[in-house]
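K.L.:
The structure under discussion is supplied below as structure tokens; questions concerning it will follow.
Numbering (the numbering used here), first residue to last: 522 to 765.
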């Protein structure tokens, strides 16, 4: 669809809250624009409504071109949730355009993780075995059933995740039968995260050889809470004091 300065807010920014919108800034006189245009159109059509294409004539809409810093065309900018999330400039080969669009469209595994039931999480891990965002919730389900070996096997396929490392540390501690931590783990399972963190951090002083495993559990919980969490920030300070 052709978009103008008057329709951009509705047709691109608002629409991108429902589906990713790719904007092709072009002009009639631009040879590379005429090369890229059909490639974009075919690639978007192949995705069957998962992404939409909007075209902005920079000659007819100079304020839009200025607002988005267009210095060369074709310029392609992608919008999701009302904000620009990716871009490229110049005519690109089909393979590069395909990769660009694929980065905007949720994969089958993404949709399965969002579904979040056990069957969907298992299928997501079949498609992408290293996904921590699927392994962690699935392992949590298995742990709740007492299937710690199965949970550890799933987590063992994921690297570079503090949340996964924390769950593996919990499994190690539970296998060691550390009684002082049962209440903390029960609180975690019940969603009483603040209580669980207090118990875990308080337990570090008397943990002897289990200090590092408890630290890993705490760091994993903090990772799931996110860097912006007030609870995570406070717990991180307490953890540092307990360790050093």
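Ideal placement from N, C-alpha and C gives every residue a C-beta, glycine not left out.
Could you have a look at residue 574 and say whether DSSP puts it in helix, strand or coil?
P.N.:
strand
K.L.:
Exposed or buried, what is residue 584 when buried is set at 16 or more other beta-carbons lying within 10 Å of its beta-carbon?
P.N.:
exposed
K.L.:
Taking only three categories from DSSP, how would you classify residue 608?
P.N.:
strand
K.L.:
Report yes if the C-beta distance between residue 738 and residue 690 is below 7 angstroms; otherwise report no.
P.N.:
yes
K.L.:
Does the region 628-646 come into contact with the region 575-593, if we say contact requires no fewer than three beta-carbon pairs (one atom in each stretch) closer than 8 angstroms?
P.N.:
no
K.L.:
What residues in its chain sit with their C-beta under 7 angstroms from that of residue 572, if we drop five residues either side in the sequence?
P.N.:
540, 541, 543, 565, 622, 625, 626
K.L.:
Taking three-plus beta-carbon pairs below 8 angstroms as touching, is the region 649-666 in contact with the region 594-603?
P.N.:
no
K.L.:
Quick one, which of 757, 526, 559, 550 has its alpha-carbon nearest residue 614's?
P.N.:
559
K.L.:
Excluding the five sequence neighbours on either side, which residues of its own chain have a C-beta within less than 8 angstroms of the C-beta of residue 720, listed in chain order?
P.N.:
The residues are 702, 704, 705, 708.
K.L.:
Do residue 692 and residue 673 have their beta-carbon atoms positioned less than 7 angstroms apart in this structure?
P.N.:
yes
K.L.:
Quick check on residue 674: does DSSP put it in helix, strand or coil?
P.N.:
helix
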